[in-house]
Amino acid sequence: MKCDAIVNACNSQMLGCFSPMHACIDNFIHTYAGMELRL
1052 MKCDAIVNAC NSQMLGCFSP MHACIDNFIH TYAGMELRL
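For the sequence shown, the residue numbers in the numbering used here are 1052 to 1090.
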């Protein structure tokens, strides 16, 4: 599936989840998108 944007819940610092293996949607998005998403 191609998409141009996704909507993601975030914390107050606008950062993603940094807990490995945490079952949150943010962690799934960052895991499959790769490190480029955090840069």
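Even glycine gets a Cβ: it sits at the ideal position worked out from N, Cα and C.
Say the cut is 8 Å; is the CB of residue i nearer than that to a heavy atom of the ligand GDP?
i, result
"Met1086", "With respect to the ligand GDP, the structure offers nothing, as it holds no ligand at all."
Less than 6 Å between C-beta atoms, sequence neighbours within five positions excluded: which residues of the same chain meet that for residue i?
i, result
"Gly1067", "Asp1077 and His1081"
Return the chain-ordered list of same chain residues with a C-beta closer than 7 Å to the C-beta of residue i, the five sequence neighbours on each side being excluded.
i, result
"Leu1088", "His1081"
"Ile1057", "Ile1080"
"Cys1075", "Cys1068"
"Tyr1083", "none"
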